[in-house]
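J.:
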Amino acid sequence: MEENKSKVTLHGMWASSYSKRVEIALKLKGILYEYVEEDLSNKTESLVQLNPVHKKVPLLVHDGKPVAESQVILEYIDETWKNSPRLLPEDSYERAQVRFWVSYINEQVIEVMRKVLFQEGEAQEKAIEEARERFKVLEEGLKKHFPNKIIRENDDVGLLDIIIISTFGSHKDYHELFGVGIIDPVNTPTLYNWIESLKELAVIKEAEVPSDRLVPFLQMYRQMHLQQAANT
1 MEENKSKVTL HGMWASSYSK RVEIALKLKG ILYEYVEEDL SNKTESLVQL NPVHKKVPLL
61 VHDGKPVAES QVILEYIDET WKNSPRLLPE DSYERAQVRF WVSYINEQVI EVMRKVLFQE
121 GEAQEKAIEE ARERFKVLEE GLKKHFPNKI IRENDDVGLL DIIIISTFGS HKDYHELFGV
181 GIIDPVNTPT LYNWIESLKE LAVIKEAEVP SDRLVPFLQM YRQMHLQQAA NT
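Just so it is clear: in the sequence shown, position 137 is 137 by full-length UniProt numbering, and no numbers are missing.
1. Checking 8 Å against the spacing of the C-beta atoms, do I162 and A25 come in under that value?
2. Using a threshold of 8 Å, state whether the C-beta atoms of G12 and S19 are closer than that.
3. Assuming I151 and L198 are in contact, meaning their beta carbons sit under 8 Å apart, how far apart are those beta carbons, in whole angstroms?
4. Under 8 Å between the Cβ atoms of F118 and L226?
5. Are three or more beta carbon pairs between the stretch 47 to 63 and the stretch 91 to 110 nearer than 8 Å?
6. Helix, strand or coil for V157, going by three-state DSSP, please let me know.
7. Which of the three DSSP states, helix, strand or coil, is assigned to L74?
8. From S70, G141, T80, V72, pick the residue whose C-alpha is nearest to that of T104; which is it?
9. Between A123 and the ligand HEM, is there a pair consisting of the residue's CB and a ligand heavy atom that are separated by less than 7 Å?
10. Using the beta-carbon count (16 or more within 10 Å), is E125 buried or exposed?
11. Please report how far the alpha carbon of I183 lies from the alpha carbon of Y192, in whole angstroms.
12. My assumption, with CB atoms under 8 Å, is that D27 sits in contact with E200. Please give the rounded CB distance.
13. What are the start and end residues of each continuous beta strand (DSSP E) run of 3 or more residues lying completely inside the UniProt domain "GST N-terminal" (6 to 85), in chain order?
14. Which residues in the same chain have their Cβ closer than 7 Å to the Cβ of D63, if we skip the five residues on either side of it in sequence?
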């Protein structure tokens, strides 16, 4: 385990997949940190002052210096604490592929997942079909560029794995919420097995949000957004 170079604080929110990314990375690296749970409707003064541009979680504070945005934070962690596991591959081409598929998930897949969550009726059905197409692209990309991926221990986990498990680890809860499964062993076997392998790791189990807590939150969050859309 890497010794702390100084004090580390993470401002996060329990249901935020972006916060989970940072939490998992810190745990993987063995970095001791203080956690500050944020109420996003009543943010702490520290969060607002230290992240004045976005005022969002996650926010990492290292030795009094704030680092914002999950992707920036993850690369900062990897560059600052160089012990295993390294989040980005040493090989430049492999590193480029990891960054490409992380970008695809962040910019393409999460966007359509939000459409599914925050729409209903025909618009939601259209979003589900769009989601299936994007997950098909992701499935083929993972199969092609990472054909020999094995996950047995913490050192097998890198940046792409963190993004996959934090973004898709609760896919069964979304299935329960909507009655529609997009990630499954038949249509997305590579992604499905990748997720299941990650979920076997103790560090991932430690960061997992229980379904009986997450599903009601997603239901409430969805209804809130639908109501706001109806009032505009």
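Each residue gets a CB set at the ideal place from its N, CA and C atoms; glycine is no exception.
T.: Taking the definition as stated:
1. Contact flag set, yes.
2. Yes; because the gap between Cβ atoms is below 8 Å, this pair is in contact.
3. Between L198 and I151 the Cβ distance is about 6 Å, and since that is below 8 Å, they are a contact.
4. Taking the C-beta atoms as reference points, L226 is found nearer than 8 Å to F118.
5. Judged by Cβ distances under 8 Å, the stretch 47 to 63 makes no contact with the stretch 91 to 110, as fewer than three pairs qualify.
6. Three-state DSSP puts V157 in coil, outside helix and strand.
7. Three-state result, L74: helix.
8. According to the sequence shown, residue 104 is Tyr rather than Thr. That would be G141, whose Cα lies nearest to the Cα of Y104.
9. The model depicted lacks the ligand HEM and carries no ligand whatsoever.
10. With fewer than 16 other Cβ atoms from the protein chains shown falling within 10 Å of its own Cβ, E125 counts as exposed.
11. The alpha-carbon atoms of I183 and Y192 are separated by roughly 6 Å.
12. With the sequence shown as reference, residue 27 is identified as Lys, and Asp is not the correct amino acid for it. In fact, because the Cβ distance is near 15 Å, the residues do not count as touching under 8 Å.
13. If one requires a minimum length of 3 residues, the beta strand (DSSP E) runs lying completely within the UniProt domain "GST N-terminal" (6 to 85) are 8 to 12, 34 to 37, 59 to 62, 65 to 68, in chain order.
14. Excluding residues within five positions, the ones whose Cβ falls inside 7 Å are S6, K7.
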